[in-house]
Amino acid sequence: MRRKGRVASAVLAAALGASLAGCSSTGGLRAEQERAAQTAGGKAAVNTPRWTFAMVTHSGDGDTFWDIVQKGAQQAAVKDNIKFLYGHDEEAQRQSQLVQSYIDQKVDGLIVTLAKPSAMKDVVEKAEKAGIPVITVNSGAAESKAFGALSHIGQDETVAGEAVGDELNKRGRKKALCVLHEQGNVGHEQRCDGAKKTFKGTMEKLYVEGTNMPDVQSSIESKLQADDSIDSVVTLGAPFAATAVKAREQAGSKAEIDTFDLNAQVANGLKDGSLGFAVDQQPYLQGYEAIDLLWLYKYNSDVLGGGKPVLTGPQVITKKDAAALQELTKRGTR
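Residues are numbered in my numbering as their position in the sequence shown, beginning at 1, plus a constant of 6.
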């Protein structure tokens, strides 16, 4: 399924081609949209109507992962002649309210995350009843079809967790700490549970308040000081990997720090050895494919996935991959 999704997007992306390599990750949303328009010569690659698609995620402020998702969506939107709107809130009820606001605006398509599915169920069903096609991304693969979405784009979180457990086994780890930074996020629980399933050692969960990095650091630090048998710490998001590295240093621990997701700081950490490995779900693809799949549905009634998720991960990344990925993270697409 993943390959089919990529092939379809590769064909549609021909108008952008290699020009993506020149994009910068700086300058803010408006500047990025202007650069994307310039790469397409100010013109879309298609002559379909100027539809409006909105994306609403459970992201907090300043999350680099979601910056990458947005970048993929923005660049696909230019190519597909789409007006792209974006809203986010880490609190599920407010996320639901944002979705409702876009339904009220009568957008032509919606892209949503289902990190806390029960809070989003009613509003997704409202969108469907209003005739607005919905695609889910990143989280909520198990609920996506039941809620009436056309397709889900992302990684299978349980499979991604299992990949982490396998990698920890290869590295000879015996006791791991899985750090959950957003309580109630079903995808986070699936990651840790998947890792515990395949890991031959002992894995323990640590719940922290992800919006408070000093608290995250002190919680990890305290745990490492109290238990020197912990030889691996797994964080569930790229911004938390660097904080875990600081906690390890303060605790005087030798535990390896591993993480889900990738950004420039993680790529640098893999290269200098301060991080062991990362599991990348390719967020750029999640944003890009979501716009493309909605466009395909509006234009040609196409639906990819056949009722199954269109997978963008997991991809285990280690030190040997870091140099090549550093340039891509600088431009904000990995």
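We put the CB at the ideal spot given by N, CA and C, even for glycine.
Which of helix, strand or coil does DSSP assign to Thr-63? strand
Taking 8 Å as the cut-off, does the region 295 to 304 touch the region 274 to 284 (at least 3 CB pairs, one atom from each stretch)? no
Which one or two residues does DSSP pair with His-94 in a beta bridge? Thr-63
Delimiting residues of the beta strand (DSSP E) encompassing Gly-115: 115 to 118
Quick check: the Cα distance between Gly-193 and Glu-168, rounded to an integer number of angstroms? 13 Å
In angstroms with no decimal places, state the Cα-to-Cα distance between Cys-198 and His-187. 12 Å
Looking only at its chain, what residues have a beta carbon closer than 7 Å to the beta carbon of Leu-242, apart from the 5 residues adjacent to it on each side? Val-185, Leu-186, His-187, His-194, Arg-197 and Phe-266
Note down the Cα distance separating Val-222 from Val-239, rounded to an integer number of angstroms. 13 Å
Between the CA atoms of Gln-292 and Ile-141 - distance to the nearest angstrom: 11 Å
Rounded straight-line distance, which links the Cα of Val-272 to that of Trp-72: 15 Å
Assign Phe-266 to one of three DSSP states: helix, strand, or coil. strand
Here's a check: name, in chain order, each residue in its chain whose Cβ is nearer than 8 Å to the Cβ of Arg-179, leaving out the five neighbours to either side. Phe-205, Gly-207, Asp-237, Ser-238 and Glu-262
At what residues does the alpha helix (DSSP H) containing Lys-336 begin and finish? 325 to 336
At which residue ranges does the region 179 to 231 contain complete beta strand (DSSP E) runs of 3 or more residues, listed in the order of the chain? 181 to 186 and 208 to 213
Taking the C-alpha atoms as reference points, what is the distance between Gln-231 and Phe-246? 18 Å
Would you mind stating whether Ile-117 and Phe-153 have Cβ atoms separated by less than 8 Å? no
Out of Thr-249, Glu-215, Lys-260 and Val-309, which one is the CA nearest neighbour of Asp-234? Lys-260
Provide the residue span of the alpha helix (DSSP H) that contains Ser-150, from first to last. 147 to 150
Suppose contacts are defined by Cβ-Cβ distances below 8 Å. Is Gln-80 in contact with Gly-160 by that definition? no
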